[in-house]
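Enquirer: Take the sequence shown: its letters are residues 1 to 282, numbered as in full-length UniProt numbering.
All C-beta atoms in this analysis are idealised placements derived from N, C-alpha and C, irrespective of residue type, glycine included.
Here the structure is a predicted model, which is why all the values come from computation and not from measurement.
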Amino acid sequence: MNCKNIRQKVSIRAVLESFCRFPIKENRRTAFYFALDRDEKVPSLSVDYIKNKAFDFGTGKSYDVISIVQQIKKCSVSEALHYLSALDLSFDPGQLPLETPSEVSYKILKIKKIRHPALIQYLDSRKVLEQKHFLKQIDYEFCGRKYFGIAFENNSGGFEIRNTYTKLCLGPKDVTLVRTGSGSTCEVAVFEGFFDFLTFQNLENKLASACDCLILNSTAMLFKAEQILQEYPKILLFLDNDPNGKSVALKIRNDYQNVEDCSLIYHGYKDLNEWLIKTKEP
Numbered sequence: 001m002n003c004k005n006i007r008q009k010v011s012i013r014a015v016l017e018s019f020c021r022f023p024i025k026e027n028r029r030t031a032f033y034f035a036l037d038r039d040e041k042v043p044s045l046s047v048d049y050i051k052n053k054a055f056d057f058g059t060g061k062s063y064d065v066i067s068i069v070q071q072i073k074k075c076s077v078s079e080a081l082h083y084l085s086a087l088d089l090s091f092d093p094g095q096l097p098l099e100t101p102s103e104v105s106y107k108i109l110k111i112k113k114i115r116h117p118a119l120i121q122y123l124d125s126r127k128v129l130e131q132k133h134f135l136k137q138i139d140y141e142f143c144g145r146k147y148f149g150i151a152f153e154n155n156s157g158g159f160e161i162r163n164t165y166t167k168l169c170l171g172p173k174d175v176t177l178v179r180t181g182s183g184s185t186c187e188v189a190v191f192e193g194f195f196d197f198l199t200f201q202n203l204e205n206k207l208a209s210a211c212d213c214l215i216l217n218s219t220a221m222l223f224k225a226e227q228i229l230q231e232y233p234k235i236l237l238f239l240d241n242d243p244n245g246k247s248v249a250l251k252i253r254n255d256y257q258n259v260e261d262c263s264l265i266y267h268g269y270k271d272l273n274e275w276l277i278k279t280k281e282p
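1) Note down, in chain order, each residue of its chain lying with its Cβ closer than 6 Å to the Cβ of A54, except the 5 sequence neighbours on either side.
2) Determine the DSSP secondary structure at K51, reduced to helix, strand or coil.
3) By the 10 Å Cβ neighbour count, where 16 or more other Cβ atoms means buried, how is R162 classified, buried or exposed?
4) Does DSSP put I277 in a helix, in a strand, or in coil?
5) Just verifying my parser: in three-state terms, what is the DSSP assignment at T30?
6) Taking only the alpha-carbon atoms, compute the straight-line gap between H133 and K9 and give it to the nearest angstrom.
7) Quick one: give me the first and last residue of the beta strand (DSSP E) that T176 is part of.
8) Rounded to the nearest angstrom, what separates Y269 and V248 at their Cα positions?
9) By how many angstroms is the C-alpha of L123 removed from the C-alpha of F148?
10) Specify, as a first and last residue, the run of the alpha helix (DSSP H) that Q169 falls within.
11) Could you say which of G144, V65, K112, E187 lies nearest to E153 if we only look at CA atoms?
12) Since I believe K146 is in contact with G60 (beta carbons under 8 Å), could you give me their beta-carbon distance rounded to a whole number of angstroms?
13) Can you list the alpha helix (DSSP H) stretches of 4 or more residues lying completely in the UniProt domain "Zinc finger CHC2-type" (39 to 85), in chain order?
14) Given that a residue counts as buried once 16 or more other Cβ atoms are within 10 Å of its Cβ, and exposed if not, what is A210?
15) Could you check whether L84 and I12 sit closer than 8 Å to each other, using their CB atoms as the reference points?
16) Spatial neighbours of E17 within its chain, please: CB distance less than 8 Å, with the 5 preceding and 5 following residues excluded, ordered by chain position.
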């Protein structure tokens with residue numbers, strides 16, 4: 001079968017089951033699974049049985065049956081097609097009620113200043129408690145259970161949620177642009193996650209107050225940052241020291257002029273925040 005036939009005929013639920021992955025919560029139309037590419041306590045992969053597609057709220061990635069196999073097996077499209085062609089995974093959307101409205105998977109209950117001792121302790125362990133004014137505490141209901149966490153808002157009104165056990169996004173996934181408020185600037189600092197941004201603000205240097213900051217909230221959101229980056233004549237990169245971060249840094253250096261890779265500052269550490277934590281340890 002070709003790609004088009006595979007996407008139309010192969011059930012996304014059956015594909016996931018072939019890898020021993022099962023829903024944590026489901027109804028006849030939608031389900032929530034644990035993410036394909038990381039460990040987590042709260043499921044963030046939303047699967048639409050009708051559309052035969054999936055969306056990861058944690059990374060902003062969309063999947064069909066082919067890309068799911070590619071993600072899990074780390075293989076090419078042709079290898080994924082070979083795997084799927086060998087399975088009997090027939091998909092008939094007519095078997096499901098097309099008009100059934102999808103359920104809201106989460107509900108934001110309250111947004112307030114950070115006061116919970118567990119969240120304060122978590123921020124302190126990450127050495128960024130002094131920057132909590134950039135954050136909120138959010139109480140929310142997810143998959144029928146109540147939780148709370150640190151919330152960092154993005155440009156589309158969605159929230160990156162973190163605590164000791166959770167990493168997910170509530171609402172639309174997007175980047176976050178933090179302007180200095182001092183008028184026009186000639187530089188923008190780019191971060192993969194908001195803890196690196198908070199670390200940058202926590203450092204005693206003039207640079208932190210002199211440039212705008214762009215937080216990707218996931219390297220998958222780079223496409224959202226492209227137009228923003230065009231506004232700046234100089235770009236400072238504070239991305240992770242891993243293959244994914246290096247790949248994004250290379251793409252930005254190739255696409256824009258006057259780009260400075262600042263990852264040498266925290267060479268030998270995963271990211272800027274880990275560098276701060278390790279170097280501030282007694």
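Expert: Taking the geometry as given:
1) The beta carbon of A54 lies closer than 6 Å to those of L45, V47, Y63 in the same chain, with the five residues before and after it left out.
2) Residue state, collapsed to three classes: coil.
3) Buried: at least 16 other Cβ atoms inside 10 Å.
4) In the structure shown, I277 sits in a helix (DSSP, three-state: H, G or I).
5) Residue state, collapsed to three classes: strand.
6) H133 and K9: Cα-Cα distance of roughly 50 Å.
7) DSSP places T176 inside the beta strand (DSSP E), whose first and last residues are 176 to 178.
8) In a straight line, the C-alpha of Y269 is about 17 Å away from that of V248.
9) The alpha-carbon atoms of F148 and L123 are separated by roughly 14 Å.
10) The sequence given here has Cys at residue 169, not Gln. In the DSSP assignment, C169 falls outside any alpha helix (DSSP H) and lies within the beta strand (DSSP E) extending over 167 to 170.
11) Comparing alpha carbon positions, the residue from G144, V65, K112, E187 closest to E153 is K112.
12) Actually they are not in contact, since the Cβ atoms of G60 and K146 sit about 25 Å apart, beyond 8 Å.
13) Runs found: 65 to 73, 77 to 85.
14) Its Cβ having fewer than 16 others within 10 Å, A210 is exposed.
15) No. Outside cutoff.
16) None.
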